[in-house]
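S.K.:
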């Protein structure tokens, strides 16, 4: 819901930094993999009981997630790069709730399982929409220039990052926050299904 507004603010500085990195030999795929590594390191810190320390590599990983596209735009965009980027995003998004479950299975197990199931459903509606949009040659740049069609939703990347930051700052609140965010993920996916019915019915 907030991604379109956020992109207007962050894209100009990201594009400048991306051009600078590209001039120094950085590749978009390398930045994507570095971001994934940072994200998984953050999840490992959470699982080990240090969510406060995990906040810094988590934020760095999301910076890299924005920079890989900027580097690609400064060099050469590829379908493989877009595919790697979305796969890395989903690996990261799943690792953080799993880490909180591993940190305290008794307190966080049920809420974490619900949240992961909600991510699974919401992600399926998102990627399924992208496949059908590609089939119909639909395009949008509202969330920035992407390899996949990004349909809008109630919860997008900006909200998810904010949610993860809140979890790191208040880890004892993981369970109630996960139940609420998971419910909103189900709602977001359901609204996308309704929109898809209108868009793809013909």
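In full-length UniProt numbering, the protein residues as written are 1 to 202. Ideal Cβ positions, reconstructed from N, Cα and C, are used throughout, including at glycine.
#1: Rounded to whole angstroms, what is the Cα-Cα separation between residue 174 and residue 25?
#2: Output yes or no for whether 9 Å exceeds the beta carbon distance between residue 27 and residue 96.
#3: Alpha carbons only, please: which of 85, 120 and 127 is nearest the one belonging to residue 184?
#4: So what does DSSP say about residue 138, is it helix, strand or coil?
#5: Thinking residue 178 and residue 90 are a contact (beta carbons under 8 Å), I'd like their distance in whole angstroms, please.
#6: How would you call residue 220, buried or exposed, if buried means at least 16 neighbouring beta carbons within 10 angstroms?
#7: So what's residue 73 in DSSP terms, helix, strand or just coil?
#8: Note the first and the last residue of the continuous alpha helix (DSSP H) segment covering residue 197.
M.R.: In this structure, then:
#1: For the purposes of this step, residue 174 is taken as residue 174 along the chain shown, with counting starting at 1. For the purposes of this step, residue 25 is taken as residue 25 along the chain shown, with counting starting at 1. Taking the straight line joining both Cα atoms gives about 40 Å.
#2: For the purposes of this step, residue 27 is taken as the residue at position 27 of the chain shown. For the purposes of this step, residue 96 is taken as the residue at position 96 of the chain shown. It is not a contact, given that the beta carbons lie outside the stated cut-off.
#3: Residue 184 sits at position 184 when you count from the first residue of the chain shown. Closest by alpha carbon: 120.
#4: If you number the chain shown from 1, residue 138 lands on position 138. Coil.
#5: Taking the chain shown and counting its residues from 1, the one referred to as residue 178 is at position 178. Taking the chain shown and counting its residues from 1, the one referred to as residue 90 is at position 90. Wrong, their Cβ atoms sit about 17 Å apart, outside the cutoff.
#6: With the chain represented from 1 up to 202, any question about residue 220 goes unanswered, as that position is not in the structure.
#7: Within the chain shown, numbered from 1, the residue matching residue 73 stands at position 73. Residue state, collapsed to three classes: helix.
#8: Here residue 197 corresponds to residue number 197 of the chain shown, with the count starting at 1. Counting along the chain, the alpha helix (DSSP H) containing residue 197 begins and ends at 174–200.
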